[in-house]
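Undergrad: Residue numbers (our numbering), protein chains in the order written: chain S, 266 to 514; chain E, 3 to 329.
Glycine included, every Cβ here is placed at the ideal spot set by N, Cα and C.
So that we are looking at the same thing, I have put the structure below in structure tokens.
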Amino acid sequence: MAEPVLTIRELEKSFGALKATDGVSIDLMPGEIHALIGPNGAGKSTLIHQVSGSIKPDRGTIHFLGQDMAGLDVAARARFGLARSFQTSSLAQEFSALRNVMLAVQAKQGSSLRVFRPVMRDRSLIEPALAILERVGLAGRAHVPAAELSHGERRQLEIAIALALEPKAFLLDEPMAGMGPEGSKVLTGFLDDLRHEAPILLVEHDMDAVFALADRISVLVYGRIIASGTVEEIRNDPEVRRAYLGDAA
Amino acid sequence: MKATGAREIIANATIALLLLAVPLAASAMGEPFYVTLATRITILALAAAGLNIALGLGGLVSFGHAAFFGLGGYAAGIMAAHAFNAEPFFLGLDSTTSMPVIWLVAIVTCGLVALPIGAISLRTSGVYFIMITLAFAQMIYYFANSWPAYGGQDGLPIFIRNTFPGVNTAQPLPFFLLCYAALLLALLMFWSLRNSRFGAALQAARQNSVRVSAVGIAPFNVRLVAFVISAMVTGLAGALFADLNRFVSPSMLSWHMSGELIVLIVLGGIGRLFGPVAGAMLFVLLEHFLGGVTERWQLFLGLILLGVVLFARGGLLGMIAGKARHG
Ligand SMILES: Nc1ncnc2c1ncn2[C@@H]1O[C@H](COP(=O)(O)OP(=O)(O)O)[C@@H](O)[C@H]1O
Ligand SMILES: [Mg+2]
């Protein structure tokens, strides 16, 4: 069997008395979409934050491509190949969509201390950035400031920025949130292809998308993984139905 | 987008030409006082252009840039004093009255001092950053005040203005032209920084530092480099200011000076290429013309500042050229 790309073991994180992550262990295998579902407040975003490096776990380990991530900050993990998207869009608001993606291209090239050549005349930044905007369907909005994009477009831009980093794994925190059924469908098709570029740890509330995409699903409730398995196994798990899916599934 | 950009270019060119034409005309008409006034505007604009790198591009509200302005000033003053007494300056090195050497010393000193100040201050943000930069500047201020070797609180005179090869710096107009050239160079550097990859990272870190870390750029490093460059430009202005006044005193290091530099930028337009120049013009002209009428001219300055902050966030240049846009 192939080695996991990302290995999370016995992770724990408390906020005061609240255990937001309670002994979580998860693997992300090459080429897979591993969905993480669970009710609001279950600790999904907190888990993503710990993997990306913005929250320090109390205990437990995170290995990525065989390397212990402890002691690496957010920027170092991103350079190492972990790209995340944010549940609430986090963009350079005054910059255009294009410049937001160009920033990621420049970060990937590792050249952020260059002080001479104007970026807006730098084809080695503009061309890859435009190609990525084209891919996510935002080419027509390339020159619009991020602050003026619609909610759905901002979600697309988040994905575009992650793509520009050419990561070894994606951490996507509710990429479909508030996108509407049409947008979700398009994005579902898009993520379906994306897993072949790099595996995806996908936090998502849209169950249609999760069931269509996931190779494996882990269910998080009160900081604990209560079940982990294939789509079929999770659909039919009585505890999951009771705790989370209700009768909808 | 194109229209506002073109308007700003026209506004900038007008400001640059005015600042050059007035002292040329004044000199031709035998009015050296106005040449000196324009020189004062130019040097303050240069100091603020330095701060504009940290404040305008990086969003780093340094309330301690007087430290660099004053250090630059003392570099000029101390070297001139040693040269006047024909003593070695430092480690047995000969002192000099040559401006290029003095400027280099001022710039390097400010860079070396800004590095630890920035490295410590940039661990904080918001009001703590403002306070910590202020605290460092105040420490240097009190040090200068209580160091008798270089005049202490009385300051240090520069008996003869320092020299520049091939230029008669004792004359107001040639000295103005030197300062004007330095300002243009600094603005060219600001423009280049702003449009570069470094500038993109710096401005993005101002807008959203979480985003910048998430793509793999450490905001701290980018900000530290910006802070150091910013201090070096302000330090050069300090050296010129000391030569303009033929005098340097702890007041150049005081927090009033730090505040004044911020005020210049806010008046002219934060982060705008010519914001510091427009701001320095307005400030010095108000100081001169209103200051001649009433001692309370600062009251009017306060009202104007209030108006800018409440109704015209883009400052003077924002009013003329509209909202700034990025590609
Ligand atoms: N920085 C924080 N400080 C204190 N409590 C937090 C913090 N972040 C999240 N929490 C709490 O931890 C729990 C899990 O939150 P979160 O990870 O955002 O859940 P999810 O993404 O699954 O909806 C919630 O009860 C939330 O209120
Ligand atoms: Mg969440």
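Which residues end up in the neighbourhood of ligand 2 when you take C-beta atoms closer than 7 Å to any of its heavy atoms?
TA: With the cut-off at 7 Å, the residues found are S:K309, S:S310, S:Q352, S:D438, S:E439 and S:V468.
Undergrad: Name the chain S residues that come within less than 9 Å of F177 (chain E), Cβ to Cβ?
TA: Translated into the one-based positions of the second sequence, residue 177 (chain E) becomes position 175. Within chain S, no residue comes near F177 (chain E); the closest Cβ sits about 29 Å away, beyond 9 Å.
Undergrad: So, does the region 367-380 of chain S touch the region 424-431 of chain S, judging by three or more C-beta pairs under 8 Å?
TA: The answer is yes - the region 424-431 of chain S touches the region 367-380 of chain S, with three or more Cβ pairs under 8 Å.
Undergrad: According to DSSP, is R324 (chain S) helix, strand or coil?
TA: On the first sequence, residue 324 (chain S) is found 59 positions in, with the first residue counted as 1. Correct three-state label for R324 (chain S): strand.
Undergrad: Taking C-beta to C-beta, are L293 (chain S) and L466 (chain S) nearer than 9 Å?
TA: Counting from 1 along the first sequence, the entry for residue 293 (chain S) is found at position 28. Counting from 1 along the first sequence, the entry for residue 466 (chain S) is found at position 201. Yes.
Undergrad: Which of the three DSSP states, helix, strand or coil, is assigned to V63 (chain E)?
TA: If you number the second sequence from 1, residue 63 (chain E) lands on position 61. Looking at V63 (chain E) - three-state DSSP - the assignment turns out to be coil, as it is neither helix nor strand.
Undergrad: Which same chain residues end up closer than 7 Å to G154 (chain E) when comparing Cβ atoms and leaving out the 5 residues on each side of it in sequence?
TA: To locate residue 154 (chain E), count along the second sequence from 1; it is residue 152. N147 and S148.
Undergrad: What residues in the region 420-435 of chain S have a beta carbon less than 7 Å from any beta carbon of chain E?
TA: The residues in question are I426 and L430.
Undergrad: Compare the Cα-Cα distances from T99 (chain E) to each of E:G113, E:V110, E:H84 and E:C112 and report the closest residue.
TA: Here residue 99 (chain E) refers to the residue found at position 97 when the second sequence is read from its first residue. The residue with the shortest Cα to Cα distance from T99 (chain E) is E:H84.
Undergrad: Could you give the distance in angstroms between the alpha-carbon of I322 (chain E) and the alpha-carbon of A137 (chain E)?
TA: For the purposes of this step, residue 322 (chain E) is identified with residue 320 of the second sequence, where counting begins at 1. For the purposes of this step, residue 137 (chain E) is identified with residue 135 of the second sequence, where counting begins at 1. Answer to the nearest angstrom: the Cα atoms are 36 Å apart.
Undergrad: Of all the CB atoms in chain E, is at least one closer than 9 Å to the CB of V380 (chain S)?
TA: Numbered from its first residue, the first sequence carries residue 380 (chain S) at position 115. Answer yes: the Cβ-Cβ gap between V380 (chain S) and chain E drops below 9 Å somewhere.
Undergrad: With DSSP as the reference, label E361 (chain S) as helix, strand or coil.
TA: Working through the first sequence from its first residue, we reach residue 361 (chain S) at position 96. In the sequence as presented, Glu is not what sits at residue 361 (chain S); that position holds Ser. Note: S361 (chain S) maps to strand in three-state DSSP.
Undergrad: The beta strand (DSSP E) that contains G494 (chain S), what's its start and end?
TA: The residue you call residue 494 (chain S) lines up with position 229 of the first sequence. R489 to G494 is the span of the beta strand (DSSP E), which, as asked, contains G494 (chain S).
Undergrad: Would you tell me roughly how many angstroms separate the C-alpha atoms of Q173 (chain E) and P410 (chain S), rounded to the nearest one?
TA: Looking up residue 173 (chain E) in the second sequence gives position 171. Looking up residue 410 (chain S) in the first sequence gives position 145. Those two C-alpha atoms are separated by around 50 Å.
Undergrad: Residue ranges of each alpha helix (DSSP H) run of no fewer than 4 residues wholly in the region 237-314 of chain E, ordered along the chain?
TA: Whole alpha helix (DSSP H) segments, 4+ residues: 257-270, 277-295 and 299-313.
Undergrad: Between the Cα of V217 (chain E) and the Cα atoms of S:T453, S:V468, S:V384 and S:D338, which residue gives the shortest distance?
TA: Within the second sequence, numbered from 1, the residue matching residue 217 (chain E) stands at position 215. Considering only alpha carbons, the answer is S:D338.
Undergrad: Measuring straight from C-alpha to C-alpha, what distance separates A425 (chain S) and L276 (chain S)?
TA: Within the first sequence, numbered from 1, the residue matching residue 425 (chain S) stands at position 160. Within the first sequence, numbered from 1, the residue matching residue 276 (chain S) stands at position 11. Rounded to whole angstroms, A425 (chain S) to L276 (chain S) spans 30 Å at the Cα level.
Undergrad: Taking 8 Å as the cut-off, is the C-beta of I320 (chain S) nearer than that to any heavy atom in ligand 1?
TA: Position 55 of the first sequence holds residue 320 (chain S). Within the cutoff, so yes.
Undergrad: When burial is assigned at 16 or more other CB atoms within 10 Å of the CB, is T311 (chain S) buried or exposed?
TA: One-based indexing of the first sequence puts residue 311 (chain S) at position 46. The residue in question, T311 (chain S), is buried, as its Cβ has 16 or more Cβ neighbours within 10 Å.
Undergrad: Helix, strand or coil for T453 (chain S), going by three-state DSSP, please let me know.
TA: Position 188 of the first sequence, counting from 1, holds the residue named residue 453 (chain S). Residue state, collapsed to three classes: helix.
Undergrad: If we ignore side chains and look at the alpha-carbon of each, how far apart do S251 (chain E) and L158 (chain E) end up?
TA: If you number the second sequence from 1, residue 251 (chain E) lands on position 249. If you number the second sequence from 1, residue 158 (chain E) lands on position 156. Cα to Cα, S251 (chain E) sits roughly 6 Å from L158 (chain E).
Undergrad: So is the beta-carbon of G325 (chain S) under 8 Å away from any non-hydrogen atom of ligand 1?
TA: Taking the first residue of the first sequence as position 1, residue 325 (chain S) is located at position 60. Because no heavy atom of ligand 1 lies under 8 Å away, the Cβ of G325 (chain S) does not count as near it: no.
Undergrad: From A244 (chain E) to G320 (chain E), what does the alpha carbon distance come to, in whole angstroms?
TA: Indexing the second sequence from 1 puts residue 244 (chain E) at position 242. Indexing the second sequence from 1 puts residue 320 (chain E) at position 318. Rounded to whole angstroms, A244 (chain E) to G320 (chain E) spans 32 Å at the Cα level.
Undergrad: Residues in its own chain within less than 6 Å of L195 (chain E) by CB, not counting five upstream and five downstream?
TA: By 1-based counting over the second sequence, the position of residue 195 (chain E) is 193. Same-chain partners within the cutoff: G201.
Undergrad: Could you check the C-alpha separation between G325 (chain S) and R213 (chain E) for me, to the nearest Å?
TA: Along the first sequence, read from residue 1 onward, the residue named residue 325 (chain S) stands at position 60. Along the second sequence, read from residue 1 onward, the residue named residue 213 (chain E) stands at position 211. Roughly 26 Å between the two C-alpha positions.
Undergrad: Can you tell which of S:D457, S:M367, S:D287 and S:T353 has its C-alpha closest to the C-alpha of A407 (chain S)?
TA: What you label residue 407 (chain S) is simply residue 142 of the first sequence in a count that begins at 1. Nearest option by C-alpha distance: S:M367.
Undergrad: Would you check whether ligand 1 has a heavy atom nearer than 8 Å to the C-beta of A508 (chain S)?
TA: On the first sequence, residue 508 (chain S) is found 243 positions in, with the first residue counted as 1. Flag unset: Cβ of A508 (chain S) not near ligand 1.
Undergrad: What number of angstroms, rounded off, separates the C-alpha of A23 (chain E) from the C-alpha of Y76 (chain E)?
TA: Here residue 23 (chain E) corresponds to residue number 21 of the second sequence, with the count starting at 1. Here residue 76 (chain E) corresponds to residue number 74 of the second sequence, with the count starting at 1. Straight-line Cα distance between these residues: approximately 31 Å.
Undergrad: Starting from I227 (chain E), find everything on chain S with Cβ-Cβ shorter than 8 Å and list it in chain order.
TA: Locating residue 227 (chain E) in the second sequence gives position 225, counting from the first residue. Contrary to the premise, residue 227 (chain E) reads as Val rather than Ile in this sequence. Within 8 Å Cβ-Cβ: L378.
Undergrad: Work out the CA separation of I12 (chain E) and M3 (chain E) for me, nearest whole Å.
TA: On the second sequence, residue 3 (chain E) is found 1 positions in, with the first residue counted as 1. On the second sequence, residue 12 (chain E) is found 10 positions in, with the first residue counted as 1. Any reading at M3 (chain E) is ruled out, since the residue's pLDDT is 44, under 50, leaving its predicted position unreliable.
Undergrad: Run the CB neighbour count on G120 (chain E), radius 10 Å, all protein chains shown included, and call it buried at 16 or more, exposed below.
TA: The residue given as residue 120 (chain E) occupies position 118 in the second sequence. Answer is buried; the Cβ neighbour count reaches 16.
Undergrad: Considering only the beta carbon of each residue, do R460 (chain S) and F476 (chain S) sit closer than 9 Å?
TA: One-based indexing of the first sequence puts residue 460 (chain S) at position 195. One-based indexing of the first sequence puts residue 476 (chain S) at position 211. No.
Undergrad: Where do the N-terminal and C-terminal ends of the alpha helix (DSSP H) with A51 (chain E) fall, by residue?
TA: Reading the second sequence from its first residue, position 49 is the one you call residue 51 (chain E). Per DSSP, A51 (chain E) belongs to the alpha helix (DSSP H) from P34 to N54.
Undergrad: Identify, in the order they occur along the chain, each residue of the same chain with its Cβ nearer than 8 Å to the Cβ of A18 (chain E), setting aside the five sequence neighbours on each side.
TA: Reading the second sequence from its first residue, position 16 is the one you call residue 18 (chain E). Result list for A18 (chain E): L186, F276 and V279, in chain order.
Undergrad: Got a sec: which bits of the region 353-367 of chain S sit with their beta carbon under 9 Å from any beta carbon on chain E, in order along the chain?
TA: From the region 353-367 of chain S, only S355, L356, A357, Q358, E359, F360, S361, L363, R364, N365 and M367 have a Cβ closer than 9 Å to chain E.
Undergrad: So is I219 (chain E) in contact with chain S if we call contact Cβ pairs under 9 Å?
TA: Counting from one through the second sequence, the residue named residue 219 (chain E) turns up at place 217. Judged by the 9 Å Cβ criterion, I219 (chain E) is in contact with chain S.
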